[in-house]
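Numbering (the UniProt record's numbering), first residue to last: 1 to 435. All remarks here apply to the structure that follows.
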């Protein structure tokens with residue numbers, strides 16, 4: 001791996017043109033299509049994901065994002081004219097996006113295929129040389145990706161490193177031109193700290209506690225069903241899943257009753273994903289006083305200072321916090337950490353507008369949770385403790401590029417107003433130009 005890392009860095013002076021980038025993206029899509037069944041098997045072994053859920057959440061968006069990149073790569077990489085002020089007459093100004101160089105992509109275990117391939121698409125489109133590091137926790141998916149990438153792509157352009165912890169440590173000690181990390185806030189801090197030692201820029205897609213607000217003035221049956229179904233995707237192991245409910249005190253009992261009943265009517269237990277391993281089961285039971293149940297969403301009232309409100313749940317629990325009036329709700333929202341997403345279920349435009357005004361979050365979603373992730377035109381990313389930087393679509397391309405300024409002046413007569421010898425008359429003319 002050391003040789004591959006060095007070879008990639010030695011080749012940074014050899015640009016990857018847009019035709020090669022398109023070729024790589026087309027090849028990647030064909031390989032994913034040819035290996036759908038192998039992906040289903042890996043995800044079944046790692047997370048017990050049903051193949052329908054696996055296709056929707058891990059594969060379908062890959063196809064769309066690849067097609068979108070191929071369609072737009074020429075436009076994204078073209079020269080962009082920018083205005084030149086009149087006092088710089090005789091010159092022109094432009095910008096262009098250029099590849100950062102060699103990038104490291106570290107992906108998580110909860111969506112091991114999509115969250116590896118999605119940033120890879122952006123990195124390829126931007127023209128980088130890439131090292132991927134998958135999670136050792138999702139062992140079957142990591143093995144699949146390592147074989148898929150390393151057997152089909154030139155390691156001087158794309159290489160998938162071993163998934164063990166020692167490899168992670170070694171990679172973080174090296175110099176990259178960008179590190180793209182998806183995972184927990186605690187590990188994100190380690191990545192950011194190691195990157196800072198070498199002034200390596202980072203994009204951190206982390207987590208947090210996504211609040212889900214149910215207004216009294218909403219279609220309650222629709223809202224309960226939408227929240228339940230989205231929360232049960234990957235059995236709650238989703239960084240943008242509803243993490244806790246904020247509910248008016250008048251409807252709290254109804255919310256708990258209705259959401260709990262949906263366990264009997266909306267799911268087939270055999271089709272629900274599993275908690276990834278025993279360590280995470282233990283963590284969830286410790287958070288909830290042993291409330292974890294197989295293929296069940298557990299909804300319960302909690303206090304603001306309870307243990308389950310201290311960290312991202314990442315599992316099938318929905319603690320419920322009540323509020324008595326809108327001002328109490330707003331007061332609470334202004335005190336919480338900035339999450340990846342806010343979800344508000346309401347018909348009341350004034351209520352929504354008021355919540356939005358105080359919502360510092362990566363995405364603000366009304367009357368739906370999670371679905372926004374399928375719109376690759378929307379930049380995805382966090383703020384504060386939930387991360388920084390954007391991914392997917394054009395935003396992802398820009399994140400894996402740097403925007404270079406280009407300035408050209410024709411060889412005309414030099415205007416010497418700003419140069420010595422300085423006179424009062426020169427200053428007068430300069431002030432007129434910049435008034």
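Glycine included, each C-beta is placed from N, C-alpha and C at the ideal position.
- With fewer than 16 other CB atoms across the displayed protein chains lying within 10 angstroms of its CB, residue 199 is exposed.
- Within the segment 306-377, complete beta strand (DSSP E) segments of at least 3 residues are found at 317-323, 341-345 and 363-366, given in chain order.
- In the DSSP assignment, residue 300 falls within the beta strand (DSSP E) that extends over 298-301.
- The beta carbon of residue 299 sits closer than 6 angstroms to the beta carbons of 256, 259, 260 and 318 from its chain, once the five residues preceding and following it are set aside; these are given in chain order.
- Rounded to the nearest whole angstrom, the C-alpha separation of residue 86 and residue 414 is 15 angstroms.
- Under the DSSP assignment, residue 405 falls in the beta strand (DSSP E) whose first and last residues are 401-409.
- Residue 159 sits close to residue 150, with the two beta carbons spaced by under 8 angstroms.
- Here residue 274 carries a coil assignment [DSSP, helix/strand/coil].
- Taking residue 281 as the centre and dropping the five residues before and after it, the same chain places the C-beta of 275 and 292 closer than 8 angstroms to its C-beta, in chain order.
- In the structure shown, the three-state DSSP call for residue 23 is helix.
- Cα atoms of residue 294 and residue 234: separation of roughly 13 angstroms, rounded to the nearest angstrom.
- In this structure, DSSP gives residue 54 a helical state, which the three-state scheme calls helix.
- Put simply, of 116, 95, 131 and 420 the residue whose alpha carbon is nearest the alpha carbon of residue 104 is 131.
- Across the set 65, 221 and 142, the C-alpha of 142 shows the shortest separation from the C-alpha of residue 110.
- Bridge partners of residue 80 according to DSSP: 95.
- In the DSSP secondary-structure assignment, residue 133 is bridged to 106 and 161.
- With a 10 Å radius around the Cβ and a threshold of 16 neighbouring Cβ atoms, residue 421 comes out exposed.
- Here residue 399 is buried: its Cβ has 16 or more other Cβ atoms, across all protein chains shown, within 10 Å.
- Under the three-state reduction of DSSP output, residue 153 falls in the coil class, being neither helix nor strand.
- Counting along the chain, no alpha helix (DSSP H) covers residue 291, and no H or E run does either.
- Inclusion of residue 245 and residue 267 in the CB contact set at 8 angstroms is not warranted, their separation being larger than that value.
- Cβ contact annotation for residue 90 (same chain, cutoff 8 angstroms, sequence separation greater than five): 409, 410 and 412, in chain order.
- With distances taken between CA atoms, residue 124 lies nearest to 15 out of 15, 190, 204 and 168.
- For residue 287, same chain residues with a beta-carbon under 7 angstroms away, outside a window of 5 residues either side, are 307, 308 and 313 in chain order.
- For residue 340 against residue 363, the beta-carbon gap comes to about 7 angstroms, under 8 angstroms, which counts as contact.
- Two segments are said to touch when three or more pairs of C-beta atoms, one from each, lie closer than 8 angstroms; by this definition the segment 372-392 touches the segment 200-220.
- For residue 247, the enclosing beta strand (DSSP E) stretches over residues 242-248.
- When the five nearest sequence neighbours on each side are left out, the beta carbons in the same chain lying within less than 6 angstroms of the beta carbon of residue 4 are those of 155 and 159, in order along the chain.
- Cβ-Cβ distances below 6 angstroms link residue 194 to 172 in the same chain, with the five nearest sequence neighbours on each side left out; the list follows chain order.
- With a 10 Å radius around the Cβ and a threshold of 16 neighbouring Cβ atoms, residue 102 comes out buried.
- Scanning its chain for C-beta atoms nearer than 8 angstroms, with the 5 sequence neighbours on each side dropped, one finds around residue 373 the residues 61, 240 and 380, in chain order.
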